[in-house]
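Chains as they are written, first to last, in my numbering: chain C, 25 to 246; chain X, 57 to 312.
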C-alpha cells in the first residue's frame, strides 16, 4: 500500500514540476475550445448548442495527448524496469500510475470547464452537467488510453499509431458523455440513463485497463 | 490430432495443402446452392426484392464478429500458450475480417437506402460495427508499423482481447437500445421469426461464408508462413554475405 501511495505521490510531483507537462494539457484544452468559435462562427446560440460536444472533444484530445508520456519517461530512465520487477503486482502499479495521471492531468480539465463554459455561452446548469459528466467519464479515457501508452512503450512507437488504436475505444465514452450533458440542456431524454452508462464504462475500464496495460508491459518489455 | 501437433509449421503446411482443395470445392458448391436459393426465394410482402440483400448482408455481419472471435482465441494462444502459429492466425485473419465488416456495412447501407430512406444512421448497431471496422484497421496498421513480428504479435494480442469487449455490445445493441436496426430475428428465444423460405437459404449462405472464411484464412496463413520463411532466408543470406566479406577483408589484412 505504501509502495503504491509513494508511486502516486511521485508521479503527481513529477507531472506538476518543470518538464512534467500535466498543465500543458489544460492549455491545449483551452486552445482547442477557443479554436472552435473560429471554425463554426461566433454565433452564441449555435455555440451553446454545440458546447458540450466541443468541451468533450477538447477533453478527449487533451487527455489522449498527455497520455503519450505515461510510461515513456519511466522507460527512458529505467524506473519502469524497477516497477516491473518489484513485488507489487504490476496491475496495481499501472492502476496507481493512471490514477496519478488522472489527478494531475484530468482533474485540471474539469476545474477549467466552468471558465470555458462561459466562453461557449453555457448557463450554470449546463456547465455543471458537462463538468459532472467529465468527472465521471475522464477516468475511462485515462484508463483505456493507458493501454495505448503501454503499447507505445513496448513498440517504440507513439503518436499517430497510438491515437488510431485508442480512439475507437473511447467512442462509447464520448457518445454517452455528450448524450448525458445534452439531456440536461435540450433533450427530452433523462439525464440518469446515459450518466449511469458513462459511470459503468468508467468502472469497466478501471478493471480492464490496468490488466491489459500490465499484460502488454509484461510481454513486450525485453 | 491436437492443436499442439500443428505447432510445427511444416506439418501445418502439409496438412493444409491436403485440406484446402476440398474446402475450396465445398465453399464453391455451397455458395452456388445458397446464391441460387436466395435468387429464387420469394419476395417479401413489404420489402419486395430488396429482401434479397439480407442473404449477403447477414452472413457478412455474422462473419465480421466471428472473425474477431477467432482472432481473440488466437491471441489467447499467443499470450497464454505461446503457440507458434497463433500470431500467424491472428495476423492472417485481420484483413479478411476487415473485408467482411466493410461488406456488411456496405450492403447494410445499400439496404437501408430503400428501407429506411437513408444510407447511414447513427444507430447503436451501426455505430458499434463501425467501431469494429476501425479496430480492424487499427490492428492492421499496428502489424504494418512494427518490423519485428513477435513484438507486434504480443501487442496486437493484447489489443485484440481488449477489443473483444465490443462483440457482446454489437450482439445485444439492438436489444439494449431500441433503434432503427431490427432486433435479432434468427437466433433468439422461442425460435426464429423468419419464414422457412427465407431461413433455409440464409443458413446455407451463412455456412458457405463461414467455409469461405476458413478457406481464405488457411490460405492466408500459408502465405504468411512462407513470407516469414522468405524473410528469414533473406536475412540469413544477408548475414552470410556480410560475414564472408568480413572474413575476406580480414584475410587481405592478414596477407598484407
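In this text, a Cβ means the ideal position worked out from N, Cα and C, and glycines have one as well.
When DSSP labels each residue in this structure, what does residue i get in the three-state scheme?
| i | result |
| --- | --- |
| residue 147 (chain C) | coil |
| residue 104 (chain X) | strand |
| residue 251 (chain X) | coil |
| residue 85 (chain X) | helix |
| residue 140 (chain X) | coil |
| residue 26 (chain C) | helix |
| residue 192 (chain X) | helix |
| residue 115 (chain C) | helix |
| residue 279 (chain X) | helix |
| residue 292 (chain X) | helix |
| residue 220 (chain X) | coil |
| residue 55 (chain C) | helix |
| residue 116 (chain X) | helix |
| residue 177 (chain X) | coil |
| residue 97 (chain X) | coil |
| residue 287 (chain X) | helix |
| residue 183 (chain C) | coil |
Measuring CA to CA, which of the options is closest to residue i?
| i | options | result |
| --- | --- | --- |
| residue 238 (chain C) | C:81, C:177, C:190, C:211 | C:177 |
| residue 125 (chain X) | X:102, X:109, X:137, X:154 | X:154 |
| residue 87 (chain C) | C:207, C:151, C:186, C:99 | C:186 |
| residue 158 (chain X) | X:117, X:196, X:211 | X:117 |
| residue 195 (chain C) | X:198, X:191, X:205, X:199 | X:191 |
| residue 87 (chain X) | X:134, X:215, X:262, X:252 | X:262 |
| residue 114 (chain C) | C:81, C:28, C:163, C:51 | C:28 |
| residue 112 (chain X) | X:81, X:294, X:156, X:135 | X:156 |
| residue 171 (chain C) | X:67, X:206, X:202, X:213 | X:213 |
| residue 257 (chain X) | X:95, X:177, X:85, X:83 | X:95 |
| residue 105 (chain X) | X:150, X:130, X:170 | X:170 |
| residue 220 (chain C) | C:54, C:138, C:157 | C:157 |
| residue 33 (chain C) | C:72, C:122, C:191, C:209 | C:122 |
| residue 225 (chain C) | C:200, C:65, C:68, C:30 | C:200 |
| residue 117 (chain C) | C:228, C:211, C:25 | C:25 |
| residue 149 (chain X) | X:293, X:278, X:227, X:284 | X:278 |
| residue 280 (chain X) | X:186, X:151, X:294 | X:151 |
| residue 112 (chain C) | C:41, C:149, C:30, C:135 | C:30 |
Just to make sure I have the definition right: I need the residues of chain X whose C-beta is within less than 8 Å of the C-beta of residue i. Which are they?
| i | result |
| --- | --- |
| residue 171 (chain C) | 214, 215, 218 |
| residue 232 (chain C) | 218, 221 |
| residue 165 (chain C) | Those do not exist, as residue 165 (chain C) stays about 14 Å from chain X at its closest Cβ, beyond 8 Å. |
Counting only Cβ pairs nearer than 7 Å, list the residues of chain X close to residue i.
| i | result |
| --- | --- |
| residue 243 (chain C) | 135, 210 |
| residue 188 (chain C) | 194, 197 |
| residue 185 (chain C) | 197, 198, 201 |
| residue 239 (chain C) | 135, 214 |
In chain C, what lies closer than 8 Å to residue i by C-beta?
| i | result |
| --- | --- |
| residue 49 (chain X) | It is not possible to answer for residue 49 (chain X), since the shown part of chain X is limited to 57 through 312. |
| residue 181 (chain X) | The contacting residues do not exist; residue 181 (chain X) stays about 13 Å from chain C at best. |
Examine chain D for any beta-carbon lying closer than 9 Å to the beta-carbon of residue i, and answer yes or no.
| i | result |
| --- | --- |
| residue 192 (chain C) | Considering every chain present, this structure includes no chain D. Its protein chains are C and X. |
Which residues in chain C have a C-beta closer than 7 Å to the C-beta of residue i? List them in chain order.
| i | result |
| --- | --- |
| residue 191 (chain X) | 192 |
At a CB-CB cut-off below 9 Å, which residues of chain C make contact with residue i?
| i | result |
| --- | --- |
| residue 187 (chain X) | 192, 193, 195, 196 |
Would you mind telling me which residues of chain X sit closer than 9 Å to residue i, beta carbon to beta carbon, in chain order?
| i | result |
| --- | --- |
| residue 236 (chain C) | 214, 215, 217, 218 |
| residue 74 (chain C) | Chain X residues near residue 74 (chain C): none, gap ~16 Å exceeds 9 Å. |
Below 8 Å, how does it come out for the segment 133–145 of chain C and the segment 89–97 of chain C: are there three or more Cβ pairs, yes or no?
Short answer: they don't touch.
Below 8 Å, how does it come out for the segment 68–79 of chain X and the segment 209–226 of chain X: are there three or more Cβ pairs, yes or no?
no
On the three-pair Cβ rule with 8 Å, is the segment 130–146 of chain X touching the segment 79–94 of chain X?
no
Does the pairing of the segment 130–138 of chain C with the segment 161–170 of chain C give three or more beta-carbon distances under 8 Å?
yes
If we count Cβ pairs, one from each stretch, closer than 8 Å, do we get three or more for the segment 204–211 of chain C versus the segment 66–83 of chain C?
yes
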